[in-house]
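**Q** Residue numbers (my numbering): 3 to 295.
No residue lacks a Cβ here, since even glycine has one placed at the ideal position from N, Cα and C.
Please read all numbers here as calculations on a predicted model, not as lab measurements.
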Amino acid sequence: MKKARLIYNPTSGREEIRRLLPDILDRLDKAGIETSCHATTGEGDATRAAAEACERGYDIIIASGGDGTLNEVINGMAGQSHLPPLGIFPLGTTNDFARAMKIPKRWEDYCDLIIQNQTRPIDIGKVNGRHFINIAGGGSLTELTYEVPSRLKTMIGQLAYYVKGVEKMVNLSPMHLVIEAAGHDTIEGEFMMFLIANSNSVGGFEKLAPGAEIDDGMLDVIAVRKCNLAEFIRLVTMALRGDHFNDPHVVYLKTPRMEVISPNHVLLNLDGELGGELPGVFEILPQHLRIFA
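(1) Would you tell me roughly how many angstroms separate the C-alpha atoms of G46 and E74, rounded to the nearest one?
(2) With H, G and I counted as helix, E and B as strand and the rest as coil, what does DSSP make of E182?
(3) Are there 16 or more other CB atoms within 10 angstroms of the CB of Y112, so buried, or fewer, so exposed?
(4) Indicate the three-state DSSP secondary structure (helix, strand or coil) for L280 in the structure shown.
(5) Would you mind stating whether H133 and G139 have Cβ atoms separated by less than 9 Å?
(6) Select from L72, I76, S66 and T42 the residue whose C-alpha is nearest the C-alpha of C56.
(7) How many angstroms separate the CA atom of A241 from the CA atom of V223?
(8) Spell out the partners DSSP gives A65 in its beta bridges.
(9) Along the chain, where does the beta strand (DSSP E) containing C39 start, and where does it finish?
(10) So what's Y60 in DSSP terms, helix, strand or just coil?
(11) Taking its Cβ as the centre, do 16 or more other Cβ atoms sit within 10 Å of S83, making it buried, or is it exposed?
(12) My output table needs one value for L222: the three-state DSSP class, helix, strand or coil.
(13) The alpha helix (DSSP H) with P24 in it runs from where to where?
(14) Put H133 into one of helix, strand or coil per three-state DSSP.
(15) Have a look at R29 and L179 and give me their C-alpha separation to the nearest angstrom.
(16) Output the distance between the C-alpha atoms of L255 and A33, rounded to the nearest integer angstrom.
(17) Taking all protein chains shown into account, do 16 or more other C-beta atoms lie within 10 angstroms of the C-beta of R227, making it buried, or fewer, making it exposed?
(18) Would you call the stretch 187-204 in contact with the stretch 97-105, where contact means no fewer than 3 C-beta pairs closer than 8 Å?
(19) Within 10 Å of its beta-carbon, does P217 have 16 or more other beta-carbons around it, so buried, or fewer, so exposed?
(20) For the alpha helix (DSSP H) holding E190, just list the boundary residues, first then last.
(21) Cutting at 6 Å between CB atoms, please list the residues of its own chain near D61, excluding the five before and the five after it.
(22) List the residues that DSSP assigns as beta-bridge partners of P123.
(23) Skipping 5 residues on each side, what residues in its chain have a beta carbon closer than 7 Å to that of H246?
(24) If you follow the beta strand (DSSP E) that P259 is in, where does it begin and where does it stop?
(25) Specify, as a first and last residue, the run of the alpha helix (DSSP H) that L85 falls within.
(26) Tell me, to the nearest whole angstrom, how far the beta carbon of I1 is from that of G89; I am working on the premise that it is less than 8 Å.
(27) If we count the other Cβ atoms within 10 Å of its Cβ and call it buried at 16 or more, is S66 buried or exposed?
(28) How many Å lie between E275 and I286 at the Cα?
(29) Residues bridged to E285 by DSSP?
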């Protein structure tokens, strides 16, 4: 019998995991997967639980929650000598990575993927000793994902991000960046924000980085040059259609490694969570994990 460790955030989304947990455990158990659970209790707890699960030799690790919970689990697993395949129950507010991987929304269907042992390799991003699975970025607008209170996300879901986004957009300010990416000339100037994508689903935008692939060993970098509010809103509208690469304010490139420095105080967003600050050296760990997908 296989042994699995399910690490879940009891407050993610609308706290749906509390209702689904008995049925999930029963379905896995009947298929020969003995599953024990760990409910996270605060920041960093999922990382510790995932590292412990690797060290104890579990056959499967399953993360249940939003992108932040998934990020913590990835940070606990990355670099471990024993790396079991990872399952993801997307029960958070945005679930960008799960959307990019086309993970089934029905928990029954995803349990069956785990039972059938259907996996694929994925790249993992790394910056300043921390890891990310879907997105890294910097700039005032990228701060809204970790500034929205978790309780507000539980209560009103995606609307919480829109409310915070409107507040951020009226106070956008540029930052000076120097970007040195492998295979490209140095880029320097005033920018509103930068994003480093590992998949094509970022912040609910499925066409923001349409060429990004989860297993190509490359980071897709999008940086927005200094512009006014009207120009920025127009860019957002273009990004919904995937037309933003034609705008002169947008810098786009692919690279396996890059360094970003700034004289400004720029905080980093890693999968929707606060991830330190610049300067940062971003790199890809090709096909470092396997996930059920």
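**A** Looking at the coordinates:
(1) Within the sequence shown, the letter at position 44 stands for residue 46. Within the sequence shown, the letter at position 72 stands for residue 74. Near 7 Å, if we compare the C-alpha coordinates of E74 and G46.
(2) For the purposes of this step, residue 182 is taken as residue 180 along the sequence shown, with counting starting at 1. It is a strand residue.
(3) One-based indexing of the sequence shown puts residue 112 at position 110. Flag for Y112 reads buried.
(4) By 1-based counting over the sequence shown, the position of residue 280 is 278. If DSSP states are grouped into helix, strand and coil, L280 belongs with coil.
(5) What you label residue 133 is simply residue 131 of the sequence shown in a count that begins at 1. What you label residue 139 is simply residue 137 of the sequence shown in a count that begins at 1. Result no, Cβ atoms of H133 and G139 do not sit closer than 9 Å.
(6) The residue given as residue 56 occupies position 54 in the sequence shown. Among L72, I76, S66 and T42, the Cα nearest to that of C56 is on I76.
(7) Within the sequence shown, residue 241 is the residue found at index 239, counting from 1. Within the sequence shown, residue 223 is the residue found at index 221, counting from 1. Using only the alpha carbons, I get a separation of about 14 Å.
(8) If you number the sequence shown from 1, residue 65 lands on position 63. In DSSP, A65 forms a bridge with I9 and I90.
(9) As a first step, residue 39 must be located in the sequence shown, where it is residue number 37. Counting along the chain, the beta strand (DSSP E) containing C39 begins and ends at I35 to A41.
(10) Counted from its first residue, the sequence shown places residue 60 at position 58. Correct three-state label for Y60: coil.
(11) Indexing the sequence shown from 1 puts residue 83 at position 81. Flag for S83 reads exposed.
(12) Within the sequence shown, numbered from 1, the residue matching residue 222 stands at position 220. The sequence given here has Asp at residue 222, not Leu. Strand at D222.
(13) Stepping through the sequence shown from its first residue, residue 24 is reached at position 22. Looking at the DSSP string, the run of the alpha helix (DSSP H) that includes P24 is I19 to K32.
(14) Within the sequence shown, numbered from 1, the residue matching residue 133 stands at position 131. Correct three-state label for H133: strand.
(15) Your numbering for residue 29 matches position 27 in the sequence shown. Your numbering for residue 179 matches position 177 in the sequence shown. Going from the Cα of R29 to the Cα of L179 covers about 50 Å.
(16) For the purposes of this step, residue 255 is taken as the residue at position 253 of the sequence shown. For the purposes of this step, residue 33 is taken as the residue at position 31 of the sequence shown. Going by the C-alpha atoms only, they are around 45 Å apart.
(17) For the purposes of this step, residue 227 is identified with residue 225 of the sequence shown, where counting begins at 1. With 16 or more Cβ atoms within 10 Å of its Cβ, R227 is classed as buried.
(18) yes
(19) Against the sequence shown, residue 217 aligns to sequence position 215. Checking the sequence shown, residue 217 turns out to be Asp, not Pro. D217 comes out exposed.
(20) Locating residue 190 in the sequence shown gives position 188, counting from the first residue. Here E190 belongs to no alpha helix (DSSP H); instead the beta strand (DSSP E) covers I189 to A199.
(21) For this step, residue 61 is matched to residue 59 along the sequence shown. Excluding positions up to five away in sequence, the list reads K4, K5 and P86.
(22) Here residue 123 refers to the residue found at position 121 of the sequence shown. DSSP lists R292 as partners of P123.
(23) Counting from 1 along the sequence shown, the entry for residue 246 is found at position 244. Here the set comprises L237, M240 and V252.
(24) Against the sequence shown, residue 259 aligns to sequence position 257. Here residue 259 turns out to be Arg, not Pro, going by the sequence shown. Looking at the DSSP string, the run of the beta strand (DSSP E) that includes R259 is R259 to I263.
(25) Residue 85 sits at position 83 when you count from the first residue of the sequence shown. Segment: none, L85 is in no alpha helix (DSSP H) and carries neither H nor E.
(26) Outside the modelled stretch of the chain, which goes from 3 to 295, sits residue 1, for which no answer is possible.
(27) Taking the first residue of the sequence shown as 1, we reach residue 66 at position 64. Buried, since its Cβ has 16 or more Cβ neighbours within 10 Å.
(28) Along the sequence shown, read from residue 1 onward, the residue named residue 275 stands at position 273. Along the sequence shown, read from residue 1 onward, the residue named residue 286 stands at position 284. Cα to Cα, E275 sits roughly 19 Å from I286.
(29) Position 283 of the sequence shown holds residue 285. Answer is K128 and R259, bridged to E285.
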